[in-house]
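Engineer: Submitted below is the structure of interest, expressed as structure tokens.
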Amino acid sequence: MKNGIHISQAFSQITDRLHLKTGNPRTIARMLFEDLFAISNPDRDGFLTRDEWSLLQLATQRINQGEPLQYVTGISHFYGFVFSVDHRVLIPRSETEELVHLVLEQMPVAFERDLKVLDIGTGSGCIAISLKKKRPYLQVTALDLSADALEVAAQNSEKNSVEVTYICDDITDLHDPALMEGKWDVIVSNPPYIQAAEVDIMDTNVLQYEPGNALFPADNNP
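For the record, in the sequence shown the residue sitting at position 40 is 656 according to my numbering, with numbers rising by one throughout.
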């Protein structure tokens with residue numbers, strides 16, 4: 617493999633090496649190629665470099681060990697946009713897209729004034745950023761307890777070329793004057809909602825890899 621490995625050969629080998637509890641190996645392999653190398657058609661002519669092939673093999677090992685695909689690639693697709701994710705933030709869920717859609721349905725495409733939106737528990741920023749992308753006139757402020765999560769969210773704002781104001785504070789014990797005195801047209805939130813009693817029925821890869829403070833409320837009262 618002096619000059620690398622042919623793309624179609626690499627795709628075939630990775631598909632065979634993926635051992636999944638759920639999901640289709642071919643689908644996951646396609647997502648790996650697209651998110652790691654921007655290769656949407658693994659049947660095309662061309663080669664992966666030796667470094668790319670090594671990266672792909674390592675990614676496959678991590679997935680086989682149960683690590684979520686989005687953490688392996690560092691990419692999550694949400695509401696038609698691309699977000700960076702890592703272990704500091706919850707992976708955006710497709711169900712949350714329904715929340716974004718519901719909020720957007722209540723908003724006109726254009727408005728005579730800016731509407732102020734507050735996103736509580738923003739995590740990766742997927743809700744706040746998607747709303748801003750779809751309704752540029754919105755003034756969006758996003759709140760989270762985790763400074764680490766807000767770093768990821770800020771990166772995603774830059775990645776998606778939108779301006780969102782991020783504040784690190786606790787909605788149950790506010791200290792930021794802008795939040796304490798602010799008036800909001802829309803407040804949206806997808807807070808931690810899983811009770812401790814539900815742990816036994818959850819996927820182990822979720823419990824092992826995703827941040828617990830984004831899954832479980834501190835007082836076990838969703």
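C-beta atoms are modelled at their ideal positions from N, C-alpha and C, and glycine is treated no differently.
(1) Can you name, in chain order, every residue of its own chain whose Cβ lies under 6 Å from the Cβ of residue 636, other than the five neighbours on each side?
(2) Which residue's Cα is closest to the Cα of residue 802: 722, 789, 777, 766?
(3) Cα separation between residue 626 and residue 701?
(4) Using a threshold of 8 Å, state whether the C-beta atoms of residue 689 and residue 652 are closer than that.
(5) Since I believe residue 736 is in contact with residue 778 (beta carbons under 8 Å), could you give me their beta-carbon distance rounded to a whole number of angstroms?
(6) Is residue 651 helix, strand or coil when you go by DSSP?
(7) Mapping DSSP to helix, strand and coil, what is residue 756?
(8) Closest to residue 632 by C-alpha separation, out of 742, 680, 787, 770, would be which residue?
(9) Give the straight-line distance between the Cα atoms of residue 639 and residue 682, rounded to the nearest whole angstrom.
(10) Which residue comes first and which comes last in the beta strand (DSSP E) that contains residue 628?
(11) Exposed or buried, what is residue 643 when buried is set at 16 or more other beta-carbons lying within 10 Å of its beta-carbon?
(12) In this structure, what does DSSP give as the bridge partners for residue 689?
(13) Check each candidate in 666, 650, 667 and name the one with the smallest Cα separation from residue 660.
(14) Just the Cα atoms here: how many angstroms apart are residue 780 and residue 760?
(15) On a CA-only basis, which of 770, 712, 703 is nearest residue 758? Give me that one, please.
(16) Between which two residues does the beta strand (DSSP E) holding residue 732 run?
Structural biologist: Reading off the structure:
(1) By 1-based counting over the sequence shown, the position of residue 636 is 20. Nothing listed; no residue qualifies.
(2) Here residue 802 is taken as the residue at index 186 of the sequence shown, counted from 1. That would be 722, whose Cα lies nearest to the Cα of residue 802.
(3) Taking the first residue of the sequence shown as position 1, residue 626 is located at position 10. Taking the first residue of the sequence shown as position 1, residue 701 is located at position 85. About 25 Å.
(4) The residue given as residue 689 occupies position 73 in the sequence shown. The residue given as residue 652 occupies position 36 in the sequence shown. Yes, Cβ-Cβ distance for residue 689 and residue 652 is below 8 Å.
(5) Counting from one through the sequence shown, the residue named residue 778 turns up at place 162. Counting from one through the sequence shown, the residue named residue 736 turns up at place 120. So it is not a contact: roughly 18 Å between Cβ atoms.
(6) Against the sequence shown, residue 651 aligns to sequence position 35. Looking at residue 651 - three-state DSSP - the assignment turns out to be helix.
(7) In the sequence shown, counting from the first residue as 1, residue 756 sits at position 140. Strand at residue 756.
(8) If you number the sequence shown from 1, residue 632 lands on position 16. Considering only alpha carbons, the answer is 680.
(9) For the purposes of this step, residue 639 is taken as the residue at position 23 of the sequence shown. For the purposes of this step, residue 682 is taken as the residue at position 66 of the sequence shown. Roughly 12 Å between the two C-alpha positions.
(10) Within the sequence shown, residue 628 is the residue found at index 12, counting from 1. Segment 623-633 is the alpha helix (DSSP H) holding residue 628; no beta strand (DSSP E) there.
(11) For the purposes of this step, residue 643 is taken as residue 27 along the sequence shown, with counting starting at 1. Exposed is the call here.
(12) Position 73 of the sequence shown, counting from 1, holds the residue named residue 689. BP columns for residue 689 are empty, so no partner.
(13) Along the sequence shown, one-based indexing puts residue 660 at 44. When only C-alpha atoms are compared, the closest one is 650.
(14) To locate residue 780, count along the sequence shown from 1; it is residue 164. To locate residue 760, count along the sequence shown from 1; it is residue 144. Whole-angstrom Cα-Cα distance: 13 Å.
(15) Position 142 of the sequence shown holds residue 758. Of 770, 712, 703, the residue nearest in Cα terms is 770.
(16) Mapped onto the sequence shown, residue 732 falls at position 116. Residue 732 -> beta strand (DSSP E) spans 732-736.
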